[in-house]
Amino acid sequence: MSVEASSPIGSVQVLIPQQQWADVKSRLGTAEARLADLTVAVEIAAETAGLNRFMALAMAWCNILAVRYNARRVSLGILRSRSVHVMAMNQTEKILRKMQLVRDIEEAMEECLDQDAEILFPSAAAGNVITRCAAKLISAHGTGTVFALPLRRDGCVGVLLLEFEPGRNVTSAELAPLRTTADLLTPRIMDLYEHDRWFGARWVRDWRKYLSKLVGPTHTWIKAAAIAITLLLLWAFFAKGTFHIIAQFTLEPVRQAQIVAPFDGYIKTVLVRPGDAIIAHRTVLAELHTAKLRDQLAAAQAQYAAYAKQADVAQSKGKIADMQIADDSMNGALAKIRLLKRQIAHAAITSPISGVVLTGNLLRRIGAPVHLGDVLFKVAPIKPLLARINVQDGDILYVKTGQAGSLATASYPADKIALSVRHIDPLAMVKHKQNIFRVRAVLKHPPNWFRPGMQGTARIDAGNRRYIWIWTRGLINWIRMKLWL
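Taking this note's numbering, the leading residue of the sequence shown gets 8, the next gets one more, and so forth.
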């Protein structure tokens, strides 16, 4: 079946199938309905265009809708915190939220907002949504029909609720222009609502928005890192820890003796080597040749006898001057005899202290010459030992006698030995182009394998300080020195 359609211009006639003609009429009707809805929305927007305050716009909107739709009551609710508050009502200047009517209206609005769906009750299509609060509003206050429309801007932000008189037949098609009006006016009315609030409420709103972004589900790793850094900074600024001065140390004996050559001579025998234990004044370390000394001693004794004889002859002849000269020569010879005897007695070299031979491997030097004062051996007791700590000049001000600490040798870093500072040298020394002060510390319960000369790292406990000071102390001192602050 076809339908004739004639053009107003000319006499051309077109035959259009019945189905296509029905589709065209349906589309035309839909377009006309949309145009009507848009016209109503534009008219309402035009009527409220000059209102720049939230309450004025809200009241005007409620009054206009009440007149246009012949509604008994029109209420506007805004989502505040977690509940909907009635902000405007037609023909009502002051709204008391303690009134039961206002409470029932807010419950119906929250029912609409929670479902984010329109509610028209009673209606045949109302079975798809929950309408318990809407039914309560009708039964409690004699309302005929209730229509709740959610207002959306980045989510549901409010509800527009219309109440009609009993017997008023309200259809969903009749309320269609209201949806377009709500979409058009909601952004503007929400902007005015946020702008008109006092500065404290705006401040709270902004902070709530920022905090919601902070604790929201997005950017989890960035937020976790920011929280961790914040907690770390708070801990660094307020928590205190032990300030450790870290420096290199060398173990050294409490006492040490250097055994030197007693006279110029030659090594005859060597009886000890490094590591051997010796007893003071008893253990012979080495011997020097004494043959030359004994020859010199015999010559000195002969000279002494000759001078004694000359003195006796001069005394018998009464030559006082010759006798005195002979006596002086006797005294010189006697002194030389005593020196030679003492050198012969010290040819067997011993140590003034007991301990262990540290240095002096002279087995390969037997027969070699030595000179008076040459160091042949170094002897020291293995126990007790001191730690000689080389502290930099930037840390020496924090070191005090009596401070505790610990050390670890390079050979056994897992073993930590407690120490206590005993003495601080007052004079700095230059080592590796740095000024250092020598700090001597006593070891508490040193192990048996400790030996003089062992090195490692020592940590001196210099009191409790904030971690931020401990970590930035070196950098701050460097900046102060560079910028002369």
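The beta-carbon is built from N, C-alpha and C at its ideal position, and this holds for glycine as well. These figures come from a predicted structure and were not determined experimentally.
Could you pull the DSSP bridge partners for residue i from this structure?
| i | result |
| --- | --- |
| Q441 | K438 |
| I253 | R466 |
| V377 | G272 |
| R395 | T257 and R447 |
| A171 | The identity of residue 171 in the sequence shown is Phe, whereas the question assumes Ala. The partner list for F171 (beta bridge, DSSP) reads T152. |
| N471 | T249 |
| A287 | Per DSSP, none; premise fails for A287. |
Got a sec: does the ligand MG put a non-hydrogen atom nearer than 6 Å to the Cβ of residue i?
| i | result |
| --- | --- |
| S427 | Absence of the ligand MG is noted for the structure shown, with no ligands found whatsoever. |
At which residues does the beta strand (DSSP E) containing residue i begin and terminate?
| i | result |
| --- | --- |
| S82 | R80 to R87 |
| S90 | S90 to M96 |
| R429 | I424 to I431 |
| V279 | Element bounds for V279: n/a, residue is neither H nor E. |
| K385 | V382 to A387 |
| S413 | A411 to T416 |
| A264 | A264 to V267 |
| T55 | Taken as a continuous stretch (DSSP letters only), T55 belongs to no beta strand (DSSP E), as it is neither H nor E. |
| L365 | G362 to T366 |
| E294 | A293 to L295 |
Please determine, among the options, the residue with the shortest C-alpha to C-alpha distance to residue i.
| i | options | result |
| --- | --- | --- |
| V377 | A333, A268, V277 and W228 | A268 |
| D161 | N176, V153, I137 and D198 | D198 |
| P454 | Q263, P359, T55 and L258 | L258 |
| K348 | Y311, R301 and I85 | R301 |
| Q350 | L383, V386, L370 and G272 | G272 |
| M116 | A264, M96 and L83 | L83 |
| H251 | W491, A465, P433 and P420 | A465 |
| I85 | V320, P157, G409 and Y311 | P157 |
| G174 | H296, I196, L185 and G149 | G149 |
| I286 | S323, T357 and I327 | T357 |
| Y419 | A387, R458, T225 and Q441 | R458 |
| T290 | K451, I196, W228 and V364 | V364 |
| N77 | E100, N176 and K343 | N176 |
| L72 | G57, V93, E50 and H92 | E50 |
Applying the criterion that 16 or more other CB atoms from any shown protein chain within 10 Å of the CB defines a buried residue, is residue i buried or exposed?
| i | result |
| --- | --- |
| Y217 | exposed |
| G362 | buried |
| D381 | exposed |
| S9 | With a pLDDT of 49 at S9, under the threshold of 50, the modelled position of that residue is not reliable, and the figure given next carries that caveat. Exposed, since its Cβ has fewer than 16 Cβ neighbours within 10 Å. |
| I244 | A quick correction: the sequence has Phe, not Ile, at residue 244. Its Cβ having fewer than 16 others within 10 Å, F244 is exposed. |
| V19 | Low local confidence applies: a pLDDT of 49 at V19 is under 50, so the model's placement there is unreliable, with the coordinate-based value given in what follows. So V19 ends up on the exposed side. |
| A65 | buried |
| S14 | For S14, the predicted model reports a pLDDT of 46, less than 50, meaning its position is unreliable; a value from the coordinates is still stated below. With fewer than 16 other Cβ atoms within 10 Å, it is exposed. |
| N97 | buried |
| M436 | exposed |
May I ask which residues mark the beginning and end of the alpha helix (DSSP H) holding residue i?
| i | result |
| --- | --- |
| H202 | A183 to D203 |
| M330 | I327 to A352 |
| I477 | Y474 to L490 |
| F61 | F61 to R75 |
| L300 | A298 to K324 |
| N237 | Here residue 237 is Thr; the residue named in the question, Asn, does not match the sequence. Element bounds for T237: T227 to F245. |
I'd like the ranges of any beta strand (DSSP E) spanning at least 3 consecutive residues and lying wholly in the segment 108–168.
126–128 and 152–159
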